[in-house]
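Engineer: Structure below; questions to follow.
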Amino acid sequence: MNCLFEVAGMSKQYGKQLGCENISFSLYPGEVLGIVGESGSGKSTVLNCLSGQLEPDEGEVYFDSPTKGKVDIWTLTEAEQRHLARTEWAFVHQNPRDGLRMGVSAGGNIGERLMNVGHRHYGKIRQTAIDWMGRVELSEDRLDDRPSVFSGGMQQRLQIARSLVTEPRLIFMDEPTGGLDVSVQARLLDLLRQLVQELGLSVILVTHDLAVVRMLADRMVVMQNGHIVESGLSDQVLDDPQHPYTQLLVSSILQV
Amino acid sequence: MLEADNHYNFAYLDEQTKRMIRRAILKAISIPGYQVPFASREMPMPYGWGTGGVQVTAACLVPKDIVKVIDQGADDTTNAVSIRQFFEKTAEVKTTEKTQEASLIQTRHRIPETSLSEGQILVYQVPIPEPLRFIEPRESETRKMHALKEYGLMHVKLYEDIAHHGHIATSYAYPVEVEGRYVMDPSPIPKFDNPKLSNCPALQLFGAGREQRIYALPPYCKVVSLDFEDHPFSQLRADQKCVLCGADESYLDEIIIDNAGSRAFICSDTDFCSSRQANGFAGAGLGEAVL
Numbered sequence: 025m026n027c028l029f030e031v032a033g034m035s036k037q038y039g040k041q042l043g044c045e046n047i048s049f050s051l052y053p054g055e056v057l058g059i060v061g062e063s064g065s066g067k068s069t070v071l072n073c074l075s076g077q078l079e080p081d082e083g084e085v086y087f088d089s090p091t092k093g094k095v096d097i098w099t100l101t102e103a104e105q106r107h108l109a110r111t112e113w114a115f116v117h118q119n120p121r122d123g124l125r126m127g128v129s130a131g132g133n134i135g136e137r138l139m140n141v142g143h144r145h146y147g148k149i150r151q152t153a154i155d156w157m158g159r160v161e162l163s164e165d166r167l168d169d170r171p172s173v174f175s176g177g178m179q180q181r182l183q184i185a186r187s188l189v190t191e192p193r194l195i196f197m198d199e200p201t202g203g204l205d206v207s208v209q210a211r212l213l214d215l216l217r218q219l220v221q222e223l224g225l226s227v228i229l230v231t232h233d234l235a236v237v238r239m240l241a242d243r244m245v246v247m248q249n250g251h252i253v254e255s256g257l258s259d260q261v262l263d264d265p266q267h268p269y270t271q272l273l274v275s276s277i278l279q280v
Numbered sequence: 006m007l008e009a010d011n012h013y014n015f016a017y018l019d020e021q022t023k024r025m026i027r028r029a030i031l032k033a034i035s036i037p038g039y040q041v042p043f044a045s046r047e048m049p050m051p052y053g054w055g056t057g058g059v060q061v062t063a064a065c066l067v068p069k070d071i072v073k074v075i076d077q078g079a080d081d082t083t084n085a086v087s088i089r090q091f092f093e094k095t096a097e098v099k100t101t102e103k104t105q106e107a108s109l110i111q112t113r114h115r116i117p118e119t120s121l122s123e124g125q126i127l128v129y130q131v132p133i134p135e136p137l138r139f140i141e142p143r144e145s146e147t148r149k150m151h152a153l154k155e156y157g158l159m160h161v162k163l164y165e166d167i168a169h170h171g172h173i174a175t176s177y178a179y180p181v182e183v184e185g186r187y188v189m190d191p192s193p194i195p196k197f198d199n200p201k202l203s204n205c206p207a208l209q210l211f212g213a214g215r216e217q218r219i220y221a222l223p224p225y226c227k228v229v230s231l232d233f234e235d236h237p238f239s240q241l242r243a244d245q246k247c248v249l250c251g252a253d254e255s256y257l258d259e260i261i262i263d264n265a266g267s268r269a270f271i272c273s274d275t276d277f278c279s280s281r282q283a284n285g286f287a288g289a290g291l292g293e294a295v296l
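As given, the protein sequences belong to chains A and B, one line each in that order.
Throughout, the working numbering is defined as the position within the first sequence, counted from one, plus 24.
Throughout, the working numbering is defined as the position within the second sequence, counted from one, plus 5.
Given below as structure tokens:
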């Protein structure tokens, strides 16, 4: 099987400050990869470099594009990068306000990506939006409401619907459950797990919450000070951590 | 006729400024629908009164020009009268109210009913040149969207209209696509006028003073109003006849004519209306009211 996404020796410096160094991993179709680490460990830097938002100083980021085959995304033109980001990729932000248009109705938010790729039939766009509202467990009669009158959990579900509507193959998620209370978190995780399985999505998931990784991720990498210190199957890493930092991380989880 | 004031350069602006504006206009004509930045000057009138249009007009004027100025179709409103007097005073050009006679027409929010002809220039006053502004506030982002021809967002705006009102409720400043490339704001003309933008024999220039942008439609350029397959573009016109000239195909203004709040519809294009009346056409009349 071909790799969907491959990172080789990627580094990023912010002046003298290290963002991340020598990051390498690969991701296969249908796989969920968790990136964990504490604040400041370089998780977000890695995610931004992978998703075309921040150019790395060194290393390659390959994506298996359906039209061009395996390409380094940082050799593509900006137009091609943005096209990839609209069609093949999706980005779920921690704060739904960053991913939604707060002044546009829920239906318009879901329909935006469709209209961006050239759909011009109002009835069909609306029907697709209704379908996706259902799939993320939002009531159909909220279709014409603005996300600003939605609760945090509903906004996050709307953001997921909006990202998945063009059926991307790869999703970047940045702390998708951050800022939600635990019961809402649990339902959102359930929903995500279901969608990932149904649609065969590949996910790169950045989080500091090991429970989220345990539930969603097949494999995980642990980052500390801009380096990957441990990687492997999620259950293996979480049940039998080898690196001292991972051991510390696993042992810091509060038991109820 | 007002007395000429010899302290002004021809058409108020200095020659270097006019050259700068003409360069922007030439660039705009060569890239139809593209917003060209220019170094907009302070004009002796407030922003929002047509400072962009006035600068474009000043840069285009030659002494033999005949100028017509309209505001919402009318020759006799404050904005139209003051701009007309401005050019009478600073350029000593002839002015007219007749659309056919004019070689340059500066307009605010209307295209004349009478068809324009080759050799005429129509100058629009533009408040906000960026059609994407109200959905995407970042200028850096909208420029990129124009450059990469990413116009899905424009349809999000129309989608919102249909979702909330059942039809495309945008009735003015209705976005258009120029020659299959740039999406453009046609300035706040009613969407009734949109079809006249396309394949027009006259040169159409758009000037936004505060926003410092000039854009243009060269003659006979193809302009398409955006729409959905199942909600096609449609013109909007009050289903009435003009009470003064009886016209049933012109764009109408609804006016209140007495203290009891009675209403009447009259042509917004005063030249069109009065020339019809001169040719013997008449409407239902205003009754007691005097305009």
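In this text, a Cβ means the ideal position worked out from N, Cα and C, and glycines have one as well.
Only a predicted model underlies this, so the values are computations on that prediction, with no experimental measurement involved.
Around the Cβ of N264(B), are there at least 16 other Cβ atoms within 10 angstroms (buried) or fewer (exposed)?
Structural biologist: Position 259 of the second sequence, counting from 1, holds the residue named residue 264(B). Classification for N264(B): exposed.
Engineer: Can you grab the Cα-Cα spacing for the pair E184(B) / V141(A), in whole Å?
Structural biologist: As a first step, residue 184(B) is located in the second sequence; it is residue number 179 there, counting from the start. As a first step, residue 141(A) is located in the first sequence; it is residue number 117 there, counting from the start. So the alpha carbons of these two residues sit roughly 20 Å apart.
Engineer: With DSSP as the reference, please indicate the residues paired to E164(A) in a beta bridge.
Structural biologist: Against the first sequence, residue 164(A) aligns to sequence position 140. The partner list for E164(A) (beta bridge, DSSP) is empty, contrary to what the question assumes.
Engineer: Which runs of the beta strand (DSSP E) at least 3 residues long sit entirely within the segment 169–199 of chain A? Give them in chain order.
Structural biologist: As far as the segment 169–199 of chain A is concerned, its whole beta strand (DSSP E) runs of at least 3 residues are 194–198.
Engineer: Mind pulling the chain B residues with CB within less than 8 Å of M139(A)?
Structural biologist: The residue labelled residue 139(A) in the question sits at position 115 within the first sequence. Those within 8 Å of M139(A) in chain B are G157, L158, H160, V161 and Y164.
Engineer: Ordered along the chain, which non-local residues of its own chain (more than five positions away) have a Cβ less than 6 Å from that of A207(B)?
Structural biologist: What you label residue 207(B) is simply residue 202 of the second sequence in a count that begins at 1. L121, Q125 and L127.
Engineer: Would you mind sorting H160(B) into buried or exposed? The rule is 16 or more other CB atoms within 10 Å of its CB.
Structural biologist: Counting from 1 along the second sequence, the entry for residue 160(B) is found at position 155. Buried.
Engineer: Using 8 Å as the Cβ pair cut-off and three pairs as the minimum, do the segment 91–104 of chain B and the segment 62–74 of chain B touch?
Structural biologist: Judged by Cβ distances under 8 Å, the segment 91–104 of chain B makes contact with the segment 62–74 of chain B, as three or more pairs qualify.
Engineer: If the cut is a Cβ gap below 9 Å, which residues of chain A does I167(B) touch?
Structural biologist: Translated into positions along the second sequence, residue 167(B) becomes position 162. Ordered by position in chain A, the residues that pass the 9 Å Cβ test against I167(B) are Y146 and R150.
Engineer: From what residue to what residue does the beta strand (DSSP E) around V236(A) run?
Structural biologist: The residue labelled residue 236(A) in the question sits at position 212 within the first sequence. Not the beta strand (DSSP E): V236(A) falls in the alpha helix (DSSP H), residues L234 to L240.
Engineer: Please state whether the Cβ-Cβ distance between V236(A) and D198(A) is less than 7 Å.
Structural biologist: Working through the first sequence from its first residue, we reach residue 236(A) at position 212. Working through the first sequence from its first residue, we reach residue 198(A) at position 174. In this structure, D198(A) does not lie closer than 7 Å to V236(A) by Cβ.
Engineer: Since I believe S172(A) is in contact with M126(A) (beta carbons under 8 Å), could you give me their beta-carbon distance rounded to a whole number of angstroms?
Structural biologist: As a working note, residue 126(A) is residue 102 in the first sequence. As a working note, residue 172(A) is residue 148 in the first sequence. Indeed, because the Cβ distance is near 5 Å, the residues count as touching under 8 Å.
Engineer: Does the beta-carbon of V189(A) have 16 or more other beta-carbons within 10 angstroms, so that it is buried, or is it exposed?
Structural biologist: To locate residue 189(A), count along the first sequence from 1; it is residue 165. Classification of V189(A): buried, given that the 10 Å Cβ count is 16 or more.
Engineer: Evaluate Q40(B) with the Cβ neighbour count: other Cβ atoms within 10 Å of its Cβ, from every protein chain shown; 16 or more gives buried, anything less gives exposed.
Structural biologist: Position 35 of the second sequence, counting from 1, holds the residue named residue 40(B). Per the 10 Å Cβ criterion, buried.
Engineer: For A130(A), decide whether its Cβ has a neighbour in chain B, counting only Cβ atoms nearer than 7 Å.
Structural biologist: Looking up residue 130(A) in the first sequence gives position 106. Taking Cβ atoms only, chain B never reaches closer than 7 Å to A130(A), which makes this a no.
Engineer: In terms of DSSP beta bridges, what is M150(B) paired with?
Structural biologist: Numbered from 1 along the second sequence, position 145 holds the residue referred to as residue 150(B). Paired residue(s): none; M150(B) is not in a bridge.
Engineer: Rounded C-beta distance between S163(A) and L51(A)? I'm assuming under 8 Å.
Structural biologist: As a first step, residue 163(A) is located in the first sequence; it is residue number 139 there, counting from the start. As a first step, residue 51(A) is located in the first sequence; it is residue number 27 there, counting from the start. Wrong, their Cβ atoms sit about 35 Å apart, outside the cutoff.
Engineer: Indicate, with yes or no, if the ligand MG has a heavy atom lying under 6 Å from the CB of T147(B).
Structural biologist: In terms of ligand content, the structure shown is empty, and the ligand MG therefore cannot be addressed.
Engineer: Excluding the 5 residues preceding and the 5 following G176(A) in the sequence, name in chain order all residues of the same chain whose CB lies nearer than 8 Å to its CB.
Structural biologist: Taking the first sequence and counting its residues from 1, one reaches residue 176(A) at position 152. Excluding positions up to five away in sequence, the list reads P120, G203, L204 and V208.
Engineer: Considering only DSSP beta bridges, list what N284(B) is partnered with.
Structural biologist: The count along the second sequence starts at 1 and reaches residue 284(B) at position 279. According to DSSP, N284(B) bridges with nothing at all.
Engineer: Against L153(B), what residues of chain A qualify as contacts under a CB-to-CB distance less than 9 Å, listed in chain order?
Structural biologist: Your numbering for residue 153(B) matches position 148 in the second sequence. Simply E102, A103, R106 and H107.
Engineer: Measure the C-alpha to C-alpha separation of I47(A) and L74(A) and round it to an integer number of angstroms.
Structural biologist: On the first sequence, position 23 is the one that residue 47(A) refers to. On the first sequence, position 50 is the one that residue 74(A) refers to. The alpha-carbon atoms of I47(A) and L74(A) are separated by roughly 11 Å.
Engineer: Given a limit of 7 Å on CB to CB distance, which residues of the segment 227–252 of chain B reach chain A?
Structural biologist: For the segment 227–252 of chain B, which is checked against every Cβ of chain A, the residues closer than 7 Å are F233, E234, D235 and H236.
Engineer: For the alpha helix (DSSP H) containing S207(A), list its first residue and its last residue.
Structural biologist: Here residue 207(A) refers to the residue found at position 183 of the first sequence. Counting along the chain, the alpha helix (DSSP H) containing S207(A) begins and ends at V206 to L223.
Engineer: Which chain B residues are close to E136(A), counting only those with a beta carbon under 8 Å from its beta carbon?
Structural biologist: On the first sequence, position 112 is the one that residue 136(A) refers to. Going along chain B in sequence order, the residues near E136(A) (Cβ under 8 Å) are G157, L158 and V161.
Engineer: Using a Cβ-Cβ cut-off of less than 8 Å, list which residues of the segment 153–173 of chain A approach chain B; keep chain order.
Structural biologist: Those residues of the segment 153–173 of chain A that come within reach of chain B (Cβ to Cβ, closer than 8 Å) are L167 and D168.
Engineer: If you drop the 5 nearest sequence neighbours on each side, which residues of the same chain put their C-beta closer than 8 Å to that of Q299(B)?
Structural biologist: Outside the shown range of chain B (6 to 296) lies residue 299(B), about which nothing can therefore be said.
Engineer: Quick one: using the 10 Å Cβ neighbour count with 16 as the cut-off for buried, is Q143(A) buried or exposed?
Structural biologist: Here residue 143(A) is taken as the residue at index 119 of the first sequence, counted from 1. For clarity, residue 143(A) is His in the given sequence; the question names Gln instead. With 16 or more other Cβ atoms within 10 Å, it is buried.
Engineer: Mark S129(A) as exposed unless 16 or more other C-beta atoms lie within 10 angstroms of its C-beta, in which case mark it buried.
Structural biologist: The count along the first sequence starts at 1 and reaches residue 129(A) at position 105. With 16 or more Cβ atoms within 10 Å of its Cβ, S129(A) is classed as buried.
Engineer: Using three-state DSSP, classify M159(B) as helix, strand or coil.
Structural biologist: Here residue 159(B) corresponds to residue number 154 of the second sequence, with the count starting at 1. Here M159(B) sits in helix by DSSP.
Engineer: Taking DSSP as the reference, what is the three-state secondary structure of A103(A)?
Structural biologist: Counting from one through the first sequence, the residue named residue 103(A) turns up at place 79. Helix at A103(A).
Engineer: For P282(A) versus E112(A), is the C-beta distance shorter than 7 Å?
Structural biologist: In the structure displayed, chain A extends from 25 to 280; residue 282(A) sits before or after that span and is not available.
Engineer: Tell me the rounded alpha-carbon separation between K94(A) and H145(A).
Structural biologist: For the purposes of this step, residue 94(A) is taken as residue 70 along the first sequence, with counting starting at 1. For the purposes of this step, residue 145(A) is taken as residue 121 along the first sequence, with counting starting at 1. Whole-angstrom Cα-Cα distance: 33 Å.
Engineer: Quick one: residues in its chain with C-beta nearer than 7 Å to the C-beta of D169(A), no 5 flanking neighbours on either side, listed in chain order?
Structural biologist: Residue 169(A) sits at position 145 when you count from the first residue of the first sequence. For D169(A), where only same-chain residues beyond five positions count, the Cβ hits under 7 Å are S129 and A130.
Engineer: Return yes when the Cβ of A16(B) is within less than 7 Å of the Cβ of I219(B), no when it is not.
Structural biologist: In the second sequence, residue 219(B) corresponds to position 214, counting from 1. In the second sequence, residue 16(B) corresponds to position 11, counting from 1. For I219(B) and A16(B), no; Cβs fall outside 7 Å.
Engineer: Report the residue from K32(B), R89(B) and K162(B) whose alpha carbon sits nearest the alpha carbon of I140(B).
Structural biologist: In the second sequence, residue 140(B) corresponds to position 135, counting from 1. Answer by Cα proximity: K162(B).
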